[in-house]
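Quick notes on the structure that follows.
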Amino acid sequence: YRDKGLPDFKIDTVYPRATLNNMYIVTITIENDGEPCAPVVVGVLSEKGERREKGFLAGHGKIIIRVAYPGTPAKAWVKDGSVPETDIKNNTFDIKNVAPLPSQ
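Position 61, counted from 1, in the sequence shown is what our numbering calls 61; the numbers after and before it change by one each time, with no gaps.
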């Protein structure tokens, strides 16, 4: 048996940046502290809705995923429940001090 255990995804950094076309590009850095590689889903949400993007993360690796978001982001998350994981306590990140987009 060559079981390498389970992945352990965690959000390392989140950087929201406003664009010229009244959107945000949210750059999310995800780490896998576990041994196996696995597909990963990240999302950005607020009271207006949610956007998701997918990637593939190697064991003990990092990946940067960018999510285009049309509103002011409030929270970022990793893992949608499709891949079992060892620790789910570090899978969300509250995005604070983001200036709202100007109204048109």
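No residue lacks a Cβ here, since even glycine has one placed at the ideal position from N, Cα and C.
Beta-carbon contacts of Y69 that lie in its chain and below 6 Å, excluding the five residues immediately before and after: For the purposes of this step, residue 69 is taken as residue 69 along the sequence shown, with counting starting at 1. For Y69, where only same-chain residues beyond five positions count, the Cβ hits under 6 Å are Y24, V26, V44, R51.
task: Under 8 Å by Cβ, that's how I've got I11 and A76 pegged, so tell me the actual separation to the nearest angstrom.
output: Counted from its first residue, the sequence shown places residue 11 at position 11. Counted from its first residue, the sequence shown places residue 76 at position 76. Correct: roughly 6 Å between the Cβ atoms.
message: With H, G and I counted as helix, E and B as strand and the rest as coil, what does DSSP make of E85?
response: One-based indexing of the sequence shown puts residue 85 at position 85. The answer is coil: DSSP assigns E85 none of H, G, I, E or B.
query: Helix or strand or just coil, what does DSSP make of Q104?
result: In the sequence shown, residue 104 corresponds to position 104, counting from 1. At Q104 the pLDDT is 48, less than 50, meaning the model places this residue with poor confidence and gives no usable figure here.
Exposed unless 16 or more other CB atoms sit within 10 angstroms - verdict on F56: Taking the first residue of the sequence shown as 1, we reach residue 56 at position 56. Classification of F56: exposed, given that the 10 Å Cβ count is below 16.
- prompt: Taking P100 as the reference, which of S82, P7, T72 has the closest Cα?
  reply: For the purposes of this step, residue 100 is taken as residue 100 along the sequence shown, with counting starting at 1. Looking at the Cα atoms, T72 is the closest of the given residues.
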